[in-house]
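Engineer:
Residue numbers (the working numbering): 460 to 850.
#1: In or out: residue 705 buried (at least 16 other Cβ within 10 Å) or exposed?
#2: Counting contacts by CB-CB distance shorter than 9 Å, is residue 837 in contact with chain D?
#3: Can the beta-carbon of residue 480 be found less than 9 Å from the beta-carbon of residue 798?
#4: Return the first residue and the last residue of the alpha helix (DSSP H) that residue 897 is part of.
#5: Note the first and the last residue of the continuous alpha helix (DSSP H) segment covering residue 754.
#6: Jot down the residue ranges of each uninterrupted beta strand (DSSP E) in the segment 475-523, minimum 3 residues, whole runs only, in chain order.
#7: Quick one: grab the DSSP three-state call for residue 551.
#8: I'd like to check one pair, residue 724 with residue 750: are the Cβ atoms closer than 9 Å?
#9: Could you pull the start and end residues of the beta strand (DSSP E) that residue 699 belongs to?
#10: Would the beta-carbon of residue 539 fall within 9 Å of that of residue 661?
#11: Under 9 Å between the Cβ atoms of residue 700 and residue 688?
#12: I'd like to know whether the C-beta atoms of residue 684 and residue 730 end up nearer to each other than 9 Å.
#13: Using DSSP bridges, identify the partner residues of residue 579.
#14: From this set, 727, 735 and 755, which residue's C-alpha is nearest residue 743's C-alpha?
#15: Reducing DSSP to helix, strand and coil, say where residue 845 ends up.
#16: How is residue 772 classed by DSSP in three states: helix, strand or coil?
#17: Whole angstroms are fine: how far does the CA of residue 796 sit from the CA of residue 568?
#18: Give me the residue from 506, 491 and 833 with the minimum Cα distance to residue 474.
#19: Leaving out five residues before and five after residue 490 in sequence, what residues of the same chain have Cβ atoms less than 6 Å from its Cβ?
#20: Which term fits residue 733, buried or exposed, when burial requires 16 or more other beta carbons within 10 angstroms of its beta carbon?
#21: Can you tell me the Cα-Cα spacing of residue 623 and residue 841, whole angstroms?
#22: Fully enclosed by the segment 596-662, which alpha helix (DSSP H) runs are 4 residues long or longer?
#23: Let me know the secondary structure DSSP gives residue 462 once reduced to three states.
#24: List the DSSP bridge partners of residue 787.
#25: Taking the alpha carbon of residue 788 as the point to measure from, which residue in 644, 528 and 576 has its own alpha carbon closest?
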């Protein structure tokens with residue numbers, strides 16, 4: 460398929476954020492929307508996302524984004540069309556002992572904005588989930604409605620909906636440069652030719668810093684490497700078990716189709732350089748595998764008789780304050796960024812896409828105010844800080 464020579468808006472990046480933005484722009488009749496993906500849809504961070512869908516945050520802004528996005532995940536066919544693979548499992552969030560008062564304050568905050576959540580004690584956890592070892596949990600946050608969704612299905616759902624509204628999506632097209640003139644965007648250059656466009660949206664995930672640099676914009680970001688183990692659960696583990704972010708063991712746990720369990724090894728995350736973007740290890744190391752299995756069995760003792768099926772690794776982009784970079788780039792008219800989601804992009808994608816589309820077409824986001832996540836906040840001395848951040 461030949462790429463067009465002109466477009467009204469070009470979105471760079473075919474992950475869940477980029478496809479959500481393209482869908483919302485097309486739905487809002489923003490003109491000819493073209494999405495460019497250098498490999499295939501969900502080839503980057505989205506493809507290795509563990510897909511947790513929950514609302515617990517230590518700040519009201521991201522909690523609101525997650526809450527409104529949750530409504531989309533739970534009713535995906537009505538809002539977008541198709542199936543996102545959402546499975547309700549219930550969600551548990553533990554924190555380290557010195558964060559317990561912050562946990563209580565955050566649960567109160569979440570309840571105040573409408574999240575269905577409450578505190579549970581170790582005894583209550585054992586009652587609802589006797590397969591969990593909870594002796595070390597004085598209390599935790601519980602969300603009965605939360606769970607996980609399928610990252611590939613979600614991305615394809617947004618992409619198909621974008622196409623239905625007239626957006627054009629091109630895979631295997633790599634952006635190689637961005638043309639500027641007079642302080643504004645004029646076109647993108649690709650391996651398939653040039654597309655003139657007055658608006659370009661950078662939704663390139665871990666490659667977002669490189670794409671921004673093409674427009675002369677420097678982002679303070681860090682590329683993070685993350686590993687996940689996949690374990691076959693033994694018959695005596697109830698199914699589906701709870702989804703858990705277990706900060707006491709620096710892991711997260713969620714069920715997967717086929718009586719599998721995904722275990723994220725947050726304790727072994729490490730930074731990459733930009734020249735490693737296309738040559739990082741996509742495998743689970745033996746060292747991390749043994750460590751993550753030890754932590755899994757400490758929380759779910761019955762998993763000791765489970766079998767490791769496989770593992771994988773992926774990458775994501777952190778911003779300097781570990782919150783998304785959303786909005787227009789300073790000094791370059793027509794260039795917008797939606798990157799640096801710091802591992803939270805999947806669960807926030809429905810509303811991030813809508814907010815970005817509203818900002819581009821209407822001058823301001825209406826679904827939620829994303830101004831605190833503007834790109835200029837660091838040079839303005841206003842990094843986004845949660846009132847009750849977990850440390």
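Every residue, glycine too, gets a C-beta built ideally from N, C-alpha and C.
Structural biologist: Based on what the coordinates show:
#1: buried
#2: Among the protein chains of the structure shown there is no chain D, as only one such chain exists.
#3: no
#4: Because residue 897 is not part of the residues shown, which for the chain are 460 to 850, the question remains open.
#5: 745-758
#6: 492-496
#7: strand
#8: yes
#9: Note, residue 699: premise wrong, no beta strand (DSSP E); not H, not E.
#10: no
#11: no
#12: yes
#13: 599
#14: 727
#15: coil
#16: strand
#17: 29 Å
#18: 506
#19: 467
#20: exposed
#21: 40 Å
#22: 610-623
#23: coil
#24: 795
#25: 644
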